[in-house]
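Colleague:
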Amino acid sequence: MNRYDVIVVGGGISGLMTALAIGKHGKQVLVLEERSLPGGNCNSYMVDSFQVDTGPHAITGLTHGPLRQIINEYLDYTPVFLTYGTYFVRTSKGLTNIPSNIAEFVGFDVLPRRDRIMVSQAITKALTLTSFGVDTSAQSVHDFLPGNLSTQSIEFADAICHLLTGRSMRETSVHRVLAGSNFVDDEVKEDTNHSTLTEQLTSRITRLSRLATNRVSKSQAYVRGGLKSFLNAVIYSMPKNVEIRTNQRVNKILTSDGIVVGVETDDESFTCDVVVYSGFAKQLPCMVNELPEQYISNLGRIAQSKSLTAWIGLSHEMPEFNYIGSEMWFQKHAYWAMPISNYTDGLAPKGKQLVGFTFVVDETKTIESEKRKAMDTIVEAVPRIEQFIEMEHYQIATPEKASVTINGYIAENRTPVKNLYLVGTDTDRRSMGITRAGYSVLNVLKLLKNDGYLK
Ligand SMILES: Cc1cc2nc3c(=O)[nH]c(=O)nc-3n(C[C@H](O)[C@H](O)[C@H](O)COP(=O)(O)OP(=O)(O)OC[C@H]3O[C@@H](n4cnc5c(N)ncnc54)[C@H](O)[C@@H]3O)c2cc1C
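If you're matching positions, the sequence shown starts at 1 in UniProt numbering and goes up one per residue.
1. Compute the Euclidean distance between the alpha carbons of Val188 and Tyr394, then round it to the nearest angstrom.
2. Are Glu370 and Phe359 close, meaning C-beta to C-beta below 9 Å?
3. Touch check for the region 120-137 and the region 151-165: three-plus C-beta pairs under 8 Å?
4. Once you ignore the five residues that flank Thr96 on each side, which residues in its own chain have a CB closer than 6 Å to its CB?
5. Determine, using beta carbons only, whether Val288 and Leu420 come nearer to each other than 9 Å.
6. If you count every other CB in all the chains shown that lies within 10 Å of the CB of Gln304, and 16 or more means buried, which is it?
7. Could you check what DSSP says for Ala411 in three-state terms: helix, strand or coil?
8. Please confirm whether any heavy atom of ligand 1 lies closer than 8 Å to the CB of Val423.
9. With respect to 8 Å, is the separation between the Cβ of Val274 and the closest non-hydrogen atom of ligand 2 below this value?
10. Look at Thr435 and Ile59 and say whether their C-beta atoms are less than 9 Å apart.
11. At which residue ranges does the region 300-377 contain complete beta strand (DSSP E) runs of 3 or more residues, listed in the order of the chain?
12. Just reading off the beta strand (DSSP E) that Arg245 is part of, what are its end residues?
13. Is it true that the CB of Phe50 sits closer than 9 Å to the CB of Lys352?
14. Would the region 247-256 and the region 70-89 be scored as touching if the rule is three or more Cβ pairs under 8 Å?
15. What distance in whole Å lies between the Cβ atoms of Gly452 and Gly65, which are believed to be in contact at a cut-off of 8 Å?
16. Alpha carbon to alpha carbon, how far is Leu291 from Phe388?
17. Can you tell me whether DSSP reads Thr86 as helix, strand or coil?
18. State yes or no: is the C-beta of Ile22 within less than 9 Å of the C-beta of Leu454?
19. Once the 5 residues before and after Lys27 are set aside, which same chain residues still bring their CB inside 6 Å of it?
20. Assign Ala233 to one of two classes, buried (16 or more other C-beta atoms within 10 Å of its C-beta) or exposed (fewer than that).
21. Who are the near neighbours of Ser269 in its chain, counting only those whose CB is closer than 8 Å to its CB and skipping five residues on each side?
22. What residue range does the beta strand (DSSP E) around Leu30 cover?
23. For the candidate residues Leu32, Gly55 and Thr271, whose alpha-carbon lies nearest to that of Cys42?
24. Under 8 Å by Cβ, that's how I've got Met338 and Val355 pegged, so tell me the actual separation to the nearest angstrom.
25. Quick check: does the Cβ of Gly11 come within less than 8 Å of any heavy atom belonging to ligand 1?
26. Measure the CB-CB distance between Ile340 and Phe357 and report whether it falls below 9 Å.
27. Among Ala348, Val177 and Ile410, which has the Cα closest to the Cα of Ser44?
28. List the endpoints of the continuous alpha helix (DSSP H) containing His175.
29. Under the criterion of a Cβ to heavy atom distance below 8 Å, does Thr60 qualify as lining ligand 1?
30. At which residues does the beta strand (DSSP E) containing residue 456 begin and terminate?
31. Can you tell me whether DSSP reads Lys418 as helix, strand or coil?
Structure (structure tokens):
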């Protein structure tokens, strides 16, 4: 059968969650994925007896966020989420907890005392402004922080920005850092106009109180069994009316009189009423004819970054990685690392350990030189590691289809073509990664309901 109600282009986690939800509403759905396996960036696979993920992952917003809603409404079973643990910063002296709130920041002796006081004042000001409704999403971290910080503090702030957006502190907004560090909720309230003065005041006080009580890792987790366990739960929950075909690259999205009519792969054409496209929105102009000029130009402004993850399989468990959570290294060449085998059995052979180190790729350099720089940094951070390296495996990926930068564009879920919708991390600026994808999926479902397509 070549006719479907809905075709989802791309079988990454956003495409699959969309297909799952639409399928559970009774529609005939086809997912077309160009790779040999579904999952996109949300997957795990074996390398020499170690099970690596596609990058080290912290799944966020699990208490009230979009994934909770998707899990509750559409998944047949809930994967087991393991408490995320602690965020550390590593220096030549070892590990120190990353501060979650102002009290902790003031005592954070990795940075000079004078800088800590100035940065605490800046955070307090940013949160106060946000609490009183001032939009800080166009203000760069670079411009907001005091200009006379030490190099060390600037490197620290820059590393945090790179880890949150893939971009520098000049391109990262104050709002992004507040949201990414849990000081403000990313959720956009449906309708705040009706809240009373008392409710508004309570909400402001609650936000400000986070200066003292915030916890960065609140409501975050790693999935037992590795990242693929989340993917497996989504695939297992697919109803029979959802078909997934792999090795199928969609080359064209077909339209007639400004309305979607189907898609075309190398071998076949399919007709349908609705297409949900979960590939890079930036590539849409190559796939759809006659998009408006302004729309094409906006999509061209989407900012992206690439990551390099070095998975290191260790022949022995090292005391340096004897923790649950993740660590950041911020000097010169920043990384974010997670010893994922500490969470759950089976990711490394017994007695061995698996650690993933993620760097932002400098796209002016070759991949080979970036790999060498990554290994040099890892050895600089944890000198003893060299004796225990049993496996090295590198991944290059685009973690999010759009970086949330000050001037970058985020596409809307609705397109100028009727019945063509976009889903994925380049269509929502809230939260990060899989959770961001979750927000986007919920928004597409809402549009499909508003457009009378889903009940
Ligand atoms: C190093 C790294 C660390 C990360 N850390 C975290 C984290 O800590 N927490 C978190 O939540 N997220 C994290 N992420 C991000 C998260 O994995 C992704 O945001 C999420 O998996 C993206 O899902 P997606 O479906 O939107 O996109 P993708 O995974 O990119 O899926 C898109 C799919 O569409 C397919 N496709 C594209 N075009 C076509 C076409 N024309 N025809 C057919 N198929 C097509 C692709 O092959 C792909 O499978 C991280 C990612 C990386 C790489």
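Ideal Cβ placement from N, Cα and C applies to all residues, glycine included. This one's a predicted model, so the numbers in the text were calculated from it and none came from an experiment.
Modeller: To lay it out plainly:
1. Because the pLDDT at Val188 is just 42, under 50, the model does not fix this residue reliably, and the point stays unresolved.
2. Yes; because the gap between Cβ atoms is below 9 Å, this pair is in contact.
3. The answer is no - the region 151-165 does not touch the region 120-137, with fewer than three Cβ pairs under 8 Å.
4. Val89 and Val110, listed in sequence order.
5. Taking the C-beta atoms as reference points, Leu420 is found nearer than 9 Å to Val288.
6. Buried: at least 16 other Cβ atoms inside 10 Å.
7. Here Ala411 sits in coil by DSSP.
8. Yes, Cβ of Val423 sits closer than 8 Å to a heavy atom of ligand 1.
9. Among the ligands present in this structure, namely ligand 1, ligand 2 is not found.
10. In this structure, Thr435 lies near Ile59, with their beta-carbon atoms less than 9 Å apart.
11. Here the runs fully enclosed are 307-314, 325-329, 335-338 and 353-360.
12. Run containing Arg245: Val242 to Arg245, per the beta strand (DSSP E) assignment.
13. A contact, by the Cβ cut-off of 9 Å.
14. No contact exists between the region 247-256 and the region 70-89.
15. A Cβ-Cβ distance of about 28 Å is found for the pair Gly65 and Gly452, leaving them out of contact under the 8 Å criterion.
16. Rounded to whole angstroms, Leu291 to Phe388 spans 54 Å at the Cα level.
17. Here Thr86 sits in strand by DSSP.
18. Yes, they are a contact pair.
19. For Lys27, where only same-chain residues beyond five positions count, the Cβ hits under 6 Å are Asp5 and Val6.
20. It counts as buried.
21. Apart from the 5 residues on each side of it in sequence, Ser269 sits with its Cβ closer than 8 Å to the Cβ of Asn2, Leu254, Gly262 and Val263 in its chain, given in chain order.
22. Segment Val29 to Leu32, the beta strand (DSSP E) holding Leu30.
23. Of the listed residues, the one whose Cα sits closest to Cys42 is Gly55.
24. Right, the Cβ-Cβ distance comes to about 7 Å (below 8 Å), so this counts as a contact.
25. Flag set: Cβ of Gly11 near ligand 1.
26. For Ile340 and Phe357, no; Cβs fall outside 9 Å.
27. Check the Cα spacing between Ser44 and each of Ala348, Val177 and Ile410: the tightest is with Ala348.
28. It spans Val174 to Gly180 - the alpha helix (DSSP H) in which His175 sits, taken as one unbroken run.
29. Flag set: Cβ of Thr60 near ligand 1.
30. Given that the chain is displayed from residue 1 to residue 455, the structure contains no residue 456 and the question cannot be resolved.
31. DSSP, read as helix, strand or coil, puts Lys418 in strand.
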